[in-house]
Amino acid sequence: MVDITSKPQAHRMALAKGKIRLRKETVERIKAGEIKKGDVFTVARVSAIQAVKETPKNILLCHQIQVTSVNVDFEVGEDFIEVGVEVKAISQTGVEMEALNGVVAALLNIWDMVKYLEKDESGNYPFTKIEDVRIERKVKSVVDR
Numbered sequence: 280m281v282d283i284t285s286k287p288q289a290h291r292m293a294l295a296k297g298k299i300r301l302r303k304e305t306v307e308r309i310k311a312g313e314i315k316k317g318d319v320f321t322v323a324r325v326s327a328i329q330a331v332k333e334t335p336k337n338i339l340l341c342h343q344i345q346v347t348s349v350n351v352d353f354e355v356g357e358d359f360i361e362v363g364v365e366v367k368a369i370s371q372t373g374v375e376m377e378a379l380n381g382v383v384a385a386l387l388n389i390w391d392m393v394k395y396l397e398k399d400e401s402g403n404y405p406f407t408k409i410e411d412v413r414i415e416r417k418v419k420s421v422v423d424r
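What follows is the structure in structure tokens.
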């Protein structure tokens with residue numbers, strides 16, 4: 280683990296985004312609330328928040344930090360859902376891994392909830408794809424004392 284003992288506390292923010300490509304019919308069923316397992320957006324939101332909080336358990340050597348805010352947003356397109364996870368903390372280290380972990384967890388939960396609609400006749404997923412997971416923006420500003 281990297282020694283951050285001498286680093287000053289700073290306001291940290293990271294916004295991560297990622298997309299899941301789905302069949303158009305699946306996106307329509309999600310918007311109509313017709314998914315067997317329940318409300319896709321609620322489950323994805325809660326899974327993202329939980330993943331942010333558990334990042335040090337999932338990413339080896341990642342520092343435990345006190346997260347002060349998590350915001351999860353969705354953009355629904357014709358054949359995709361984009362997830363955005365913004366994480367804030369006052370910490371000695373950044374929150375990029377927390378934001379990325381939240382995005383990936385949300386996308387995987389979406390896939391899990393709709394996989395029965397995405398499978399082809401052989402049980403594969405030719406149209407389903409997680410893509411473009413990235414840090415969209417990060418901010419660091421020193422805490423005034």
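Numbering (the working numbering) for the sequence shown: 280 to 424. Even glycine gets a Cβ: it sits at the ideal position worked out from N, Cα and C.
The alpha helix (DSSP H) with residue i in it runs from where to where?
i	result
ASN380	375-397
LYS286	Element bounds for LYS286: n/a, residue is neither H nor E.
SER401	First-last for SER401: undefined, no H or E at that position.
ILE425	With the chain covering 280 to 424 only, the question about residue 425 has no answer from this structure.
ILE328	319-332
Compare the C-beta of residue i against all C-beta atoms of chain D and say whether one is closer than 7 Å.
i	result
ILE328	Of the chains in the structure shown, none is chain D; there is only one protein chain.
Only counting the same chain, and skipping five residues up and downstream in sequence, which positions put a Cβ closer than 8 Å to that of residue i?
i	result
ARG262	Past the boundaries of the shown model lies residue 262; the chain is included only from 280 to 424, so the question cannot be answered.
ILE429	Outside the shown range of the chain, which is 280 to 424, sits residue 429, and nothing can be said about it.
ILE369	GLN288, ALA289, HIS290, ARG291, GLN345, THR347, VAL422
Looking at C-alpha atoms only, which residue of the options is the closest neighbour of residue i?
i	options	result
VAL383	ILE369, HIS342, LYS408	LYS408
GLN371	LYS398, VAL421, ASP282, LYS286	LYS286
PHE320	LYS303, LEU301, LEU340, GLU354	GLU354
ASP399	LEU340, ARG302, THR284	ARG302
Would you tell me roughly how many angstroms separate the C-alpha atoms of residue i and residue j, rounded to the nearest one?
i	j	result
VAL362	GLY381	9 Å
ASP306	ASP352	A small correction: the amino acid at residue 306 is Val; Asp does not occupy that position in the sequence shown. VAL306 and ASP352: Cα-Cα distance of roughly 16 Å.
ALA453	ASN337	Look at the range of the chain in this structure, 280 to 424, and you will see that residue 453 is not part of it.
GLY312	ASP318	6 Å
HIS290	GLN343	16 Å
ASP391	ARG416	28 Å
LYS419	LEU340	21 Å
VAL322	SER401	28 Å
MET280	PRO405	40 Å
Can you find the residues in the same chain that come closer than 6 Å, C-beta to C-beta, to residue i, ignoring five residues on each side of it along the sequence?
i	result
VAL349	ILE328, VAL331, VAL366
GLY298	Position check: residue 298 holds Lys in this sequence, whereas Gly was assumed. PHE359, GLU361, GLU410, ASP411.
VAL364	ALA295, ALA327, VAL351, ALA378, GLY381, VAL382
LYS316	MET392
How far does the beta strand (DSSP E) with residue i in it extend, from its first residue to its last?
i	result
GLU307	That residue, GLU307, is in no beta strand (DSSP E); its alpha helix (DSSP H) goes 303-310.
LYS316	It is not in any beta strand (DSSP E) - LYS316 carries neither H nor E in the DSSP assignment.
GLY363	359-370
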